[in-house]
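Student: Quick note on the working numbering: the sequence shown kicks off at 10 and runs consecutively.
Note that CB positions come from ideal geometry on N, CA and C, so glycine has one too.
No experiment lies behind these values; they were computed from the predicted model shown.
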Amino acid sequence: MNKKRILVPIDGTERSMYALDFIKEIFSKDSGMEIILMNVKELVLINEMIVSEEVKIAKELGKEILEAAKKKMQGYNVETYFTFGYPADEIINKARDEDVGIIVMTQSTKRGLSRMIGSVTTSVVKKAKCIVMVVPNDFTISLK
10 MNKKRILVPI
20 DGTERSMYAL
30 DFIKEIFSKD
40 SGMEIILMNV
50 KELVLINEMI
60 VSEEVKIAKE
70 LGKEILEAAK
80 KKMQGYNVET
90 YFTFGYPADE
100 IINKARDEDV
110 GIIVMTQSTK
120 RGLSRMIGSV
130 TTSVVKKAKC
140 IVMVVPNDFT
150 ISLK
């Protein structure tokens with residue numbers, strides 16, 4: 010396991026960007042950490058068909074989300090990755106394929122027992138073979 014690689018799933022919400030603030034608090038730009046920013050679009054099939062325009066729009070939006078996150082991490086060693094699929098499965102697969110040491114995700118805003126950290130996050134925590142750090146929604150504490 011490469012402890013120098015961090016996977017950060019970003020869904021485009023302001024909440025998901027808290028993970029980036031957390032990483033910036035813990036690791037300096039010269040820490041040597043490699044950060045993989047990932048966006049997964051779950052496709053909805055309509056009558057077992059995928060609408061090509063929907064795919065095109067999803068790719069464009071995913072690219073915009075990742076570029077905004079990359080800009081926020083300026084000065085860090087960052088790569089971006091966009092894919093379609095079930096978010097939890099894609100996150101687990103990417104972490105395995107890229108030999109990731111840490112996955113950093115943000116807590117869900119939904120209520121309820123299994124929704125406390127989010128269904129995708131819950132699934133990733135259960136299945137990951139690396140450290141999974143869950144950043145709270147109200148992350149504002151400086152750790153330095």
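Using three-state DSSP, classify Tyr-27 as helix, strand or coil.
Tutor: Here Tyr-27 sits in helix by DSSP.
Student: Rounding to the nearest angstrom, what Cα-Cα distance links Ala-28 and Leu-52 in this structure?
Tutor: 24 Å
Student: Below 8 Å on the Cβ atoms is my guess for Ile-44 versus Val-87; work out the distance and round it to an integer in Å.
Tutor: Between Val-87 and Ile-44 the Cβ distance is about 5 Å, and since that is below 8 Å, they are a contact.
Student: Taking buried to mean at least 16 other C-beta atoms within 10 Å of its own C-beta, is Gly-94 buried or exposed?
Tutor: Per the 10 Å Cβ criterion, exposed.
Student: Can you give me the Cβ contacts of Met-42 inside the same chain, cut-off strictly under 8 Å, excluding the 5 residues immediately before and after it?
Tutor: Lys-13, Arg-14, Ile-15, Ile-32, Phe-36, Tyr-85, Asn-86
Student: Once you ignore the five residues that flank Leu-122 on each side, which residues in its own chain have a CB closer than 6 Å to its CB?
Tutor: Summary for Leu-122: the model assigns pLDDT 42, below 50, so the residue's position carries little reliability; its value from the coordinates is reported in the next sentence. Excluding sequence neighbours, Leu-122 sits near nothing in its chain.
Student: Within 10 angstroms of the Cβ of Val-133, are there 16 or more other Cβ atoms? Answer buried if so, exposed if not.
Tutor: buried
Student: Helix, strand or coil for Pro-145, going by three-state DSSP, please let me know.
Tutor: coil
Student: Kindly give me the distance between the Cβ atoms of Gly-71 and Asn-102, rounded to whole angstroms, as I take these residues to be in contact under 8 Å.
Tutor: At roughly 17 Å, the Cβ-Cβ gap does not stay under 8 Å, so Gly-71 and Asn-102 are not in contact.
Student: With a threshold of 8 Å on Cβ separation, who are the neighbours of Ile-81 within its own chain once the five nearest residues in sequence on each side are excluded?
Tutor: The amino acid occupying residue 81 in the given sequence is Lys; Ile does not appear at that position. Once the five neighbours on either side are set aside, the close Cβ partners of Lys-81 are Met-26, Leu-29.
Student: Would Ile-66 be called buried (16 or more neighbouring beta carbons within 10 Å of its own) or exposed?
Tutor: exposed
Student: Helix, strand or coil, according to DSSP, for Thr-89 in the structure here?
Tutor: strand
Student: Helix, strand or coil for Glu-107 per DSSP?
Tutor: coil
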